[in-house]
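Numbering (mature numbering (1 follows the signal peptide of the UniProt record, and there is no 0)), first residue to last: -19 to -1, 1 to 293. Working notes, structure below.
Structure, rendered in structure tokens:
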């Protein structure tokens, strides 16, 4: 039997989650993708507010990329949980104290994806450059001309040598081109993996075949975004009662949102990016949405641990 995740029952009080820092720019763009199961539909009340639904948090964990980032390394699960609790509450999702009355287990994952290096800096492309013919060879003064018979023999030897050089050069070019193809295939696989993690996958799949068309800029924009370092959060909301009583995982809704790492810090932008993405929580975003939000942090309440339920 699969081990079930640990979860926390939390209460919101008032103290800052992260210290506010000066913003580098005024605005940033968050990319959001969300999906809800067909049997989960939310309807606002007559006053425009959302009906209250309760949850417990589950720690999904930090996603480690190949690069270190000090704005992530000091962030613990409780920092993330207390920071996203406010935007969740604005959408009608509130922490629960009682397992019997808890609607969702919201698993929380966060981290940073690492971008890809430019093609011109790859080992394969450098190897390819190394196979190109050299047009100018520096050398000393030419020797005196040989006799006729010696010249004929020398030309024969030279011809054989040129054939050997050309064959070796062609072989090196084929090897370099093979390396380039393999690197490009690995790059495509990595971009597809990141697209699934960040919620870009349907958008990226929709641009297949655009490479040689006037619409290629749409695919290029997505690739550029994927190959930037990006801070992200993934929320997976499971049916708590089904998980608790039947030990089965039923995913009800999910949300994936991210911003570029360049010019940002995760600990400073987490609250703002979550607040901007929160309008899609529990909803179908109908594709990838990009929304501008003001930089900076807002002081959020602190979460008090009411109790824990161990994994089983």
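Don't be surprised by glycine CBs; every beta carbon is placed ideally from N, CA and C. Predicted, not measured: the structure shown is a model, and the values here were computed from it.
By the Cβ neighbour-count rule, residue 169 is exposed, with fewer than 16 other Cβ atoms within 10 Å of its own. With respect to the C-alpha of residue 84, the residue from 96, 225, 237 having the closest C-alpha is 225. Along the length of the segment 153 to 189, whole alpha helix (DSSP H) runs at least 4 residues long occupy 182 to 186, reported in chain order.
In the same chain as residue 268, and ignoring 5 residues on each side of it, the C-beta atoms closer than 8 Å to its own belong to 14, 183, 184, in chain order.
Runs of the beta strand (DSSP E) lying entirely within the segment 18 to 89 and spanning at least 3 residues, in chain order: 34 to 44, 74 to 76.
Taken in chain order, the whole alpha helix (DSSP H) runs of length 4 or more contained in the segment 209 to 273 are 221 to 227, 247 to 258.
CA-CA distance, residue 266 to residue 164, rounds to 34 Å.
A direct Cα-to-Cα measurement between residue 90 and residue 155 gives close to 43 Å.
Residues 182, 185, 207 of the same chain have their beta carbon placed closer than 7 Å to that of residue 176, with the five preceding and five following residues left out of the count.
Rounded to the nearest whole angstrom, the CA to CA distance from residue 76 to residue 32 is 14 Å. Your pair residue 178 and residue 94 checks out as a contact, with CB atoms roughly 7 Å apart and the cut at 8 Å.
Sequence-distant partners of residue 24 (beyond 5 residues in either direction) whose C-beta falls short of 8 Å from its own C-beta, in its chain, are 32. The C-alpha of residue 231 is placed about 12 Å away from the C-alpha of residue 17. The beta carbons of residue 72 and residue 259 sit closer together than 8 Å.
For residue 203, the enclosing alpha helix (DSSP H) begins and ends at 197 to 207.
Residue pairing by DSSP places residue 194 in no beta bridge whatsoever. The beta-carbon distance between residue 37 and residue 86, rounded to whole angstroms, is 6 Å. This is short enough to meet the 8 Å contact definition. The beta carbons of residue 171 and residue 209 sit no closer together than 8 Å.
Looking at 250, 253, 246, 223, the one whose alpha-carbon comes closest to that of residue 80 is 223.
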